[in-house]
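Student: Okay, here's the structure, questions in a sec.
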Amino acid sequence: MDFTIQNYKDTRSGFGDGLAELGKKNEKVVALCADLTGSLKMDAFAREFPDRFFQTGISEANMIGMAAGLTIGGFIPFTGTFANFSTGRVYDQIRQSVAYSGKNVKICASHAGVTLGEDGATHQILEDIGMMKMLPGMTVIVPCDYNQTKAAVKAVALHEGPVYLRFGRPKVPNFTPADQKLVIGKAILMKEGTDVSIFATGHLVWKAVEALSILAELGINAELINVHTIKPLDEEAVLQSVRKTACVVTAEEHQRNGGLGDSIAQLLALKMPRPVEMVAVNDSFGQSGTPEQLLTEYHLDTMDIVEAAKRAVARK
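Position 41 of the sequence shown, counted from 1, bears residue number 40 in numbering that gives the first Met the number 0, the numbering being contiguous throughout.
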């Protein structure tokens, strides 16, 4: 796969642009936002389809309830706010009105993880993937760049059932194909390798790409898989890769507990026990700082993936 950086864009813009395009193609798509239209890049949809856009104000629980109700009329609602408010503040409403009821609501969350940056710990939710993946019937998707986020928006609109779509604030390398089609539940093999399997998601996919060349210089031939769908996990892709490499690194901008690494370790414990090293936040809240400072501080950077791979190979 070509890892050329096309440009630098924020994944939240991929969401906004994808939603605006989707609105033109499907009149059943509606959008709701809790007073963060600009931050979620939902401006274009709001301008072009004012009758299908609902500004709920700072009332996230009400927004989720409205979205659940709209599905009864056959609409496909996309809700938008910060990840902390999309999950932690409204967990009861999501559990009862969306997941338990099996409603076709798309919960779209920006400003996730430590790359939110200077807003600090209160906004840098690192538990949301775990909270959402534990809900029965909830699909959880974490795209890696602008192009993949845009593709994910289109994919979840066609998916029947509740979805949690997680993306972020900073401008990051945009390197996946512009014309890609995202298939929910199917991981993407980005580079074949024989020595260690690296499963990465979200912003850390690019960090894993950077780690590949460093590992190659160390004589480690790493395989890289982009796991954009945390749930349902592509078990076949995981097992096929690990059967070949016999050791694993997982990389994510989330707590170690409850995230991608947790899901892969559980799968391997049941079906193919192998050494697993996790690059993730270790039972800690975030803090204020630039995205790059915080990725380094919380050991989520390129060299952390390199060191994890070295440890995994040594444990074989």
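Glycine included, every Cβ here is placed at the ideal spot set by N, Cα and C.
#1: Which residue from Asn-256, Pro-274 and Glu-252 puts its Cα closest to that of Tyr-297?
#2: Starting from the C-beta of Ile-285, find all residues in its chain whose C-beta is less than 7 Å away, skip the five residues before and the five after it, and write them out in chain order.
#3: Within the 9 Å Cβ cut-off, does Val-141 reach chain B?
#4: Using the Cα positions of Ala-98 and Leu-134, report the straight-line distance between them to the nearest angstrom.
#5: Give me the Cβ distance between Ala-66 and Val-104, rounded to the nearest whole Å; I'm assuming they're in contact under 8 Å.
#6: Could you compute how far the alpha carbon of Arg-255 sits from the alpha carbon of Gly-129?
#7: Could you tell me which of Pro-272, Val-248 and Glu-234 sits nearest to Leu-299, measuring between CA atoms?
#8: If we call anything under 9 Å between Cβ atoms a contact, is Cys-246 one with Ser-212?
#9: What is the DSSP secondary structure of Glu-306, counted as helix, strand or coil?
#10: What are the start and end residues of each continuous beta strand (DSSP E) run of 3 or more residues lying completely inside the stretch 220 to 292, in chain order?
#11: Going by beta-carbon coordinates alone, are Leu-181 and Pro-231 separated by less than 9 Å?
#12: Are the CB atoms of Ile-304 and Ala-186 nearer to each other than 9 Å?
#13: Can you name the residues that DSSP bridges to Gly-339?
#14: Could you say if the stretch 265 to 284 and the stretch 145 to 163 meet the contact criterion of at least three C-beta pairs nearer than 8 Å?
#15: When the Cα atoms are used, what is the spatial distance from Thr-70 to Ala-45?
#16: Quick check on DSSP: helix, strand or coil for Arg-11?
#17: Which parts of the stretch 149 to 226 are runs of the beta strand (DSSP E), unbroken and 3 residues or longer, counting only runs that do not cross its ends?
#18: Please go through the stretch 25 to 81 and give each complete alpha helix (DSSP H) segment of 4 or more residues, from N-terminal end onward.
#19: Can you name the start and end residues of the alpha helix (DSSP H) that Ile-128 belongs to?
#20: What is the DSSP secondary structure of Ala-313, reduced to helix, strand or coil?
#21: Among the candidates Glu-306, Pro-274, Ile-263 and Pro-290, whose CA atom is the shortest distance from the CA of Lys-315?
#22: Smallest Cα separation from Lys-24: which of Leu-157, Val-139 and Leu-39?
#23: For the beta strand (DSSP E) containing Ile-140, list its first residue and its last residue.
Tutor: Looking at the coordinates:
#1: Glu-252
#2: A small fix is needed here, since residue 285 is Gly in this sequence, not Ile. Excluding residues within five positions, the ones whose Cβ falls inside 7 Å are Val-113, Gly-119, Ala-120, Gln-123, Leu-125 and Leu-293.
#3: This model lacks chain B altogether, as it is built from one protein chain only.
#4: 7 Å
#5: 5 Å
#6: If you take the alpha carbons of Arg-255 and Gly-129, they lie about 9 Å apart.
#7: Ranking Pro-272, Val-248 and Glu-234 by Cα distance to Leu-299 puts Val-248 first.
#8: no
#9: helix
#10: Counting only runs of 3 or more, we get 221 to 225, 228 to 230, 247 to 254 and 275 to 280.
#11: no
#12: No. Outside cutoff.
#13: Outside the shown range of the chain (0 to 315) lies residue 339, about which nothing can therefore be said.
#14: no
#15: If I take the Cα positions, the gap works out to 19 Å.
#16: helix
#17: 162 to 165, 170 to 173, 187 to 190, 195 to 199 and 221 to 225
#18: 42 to 47 and 59 to 71
#19: Note, Ile-128: alpha helix (DSSP H), 127 to 132.
#20: helix
#21: Answer by Cα proximity: Pro-274.
#22: Leu-157
#23: 138 to 140
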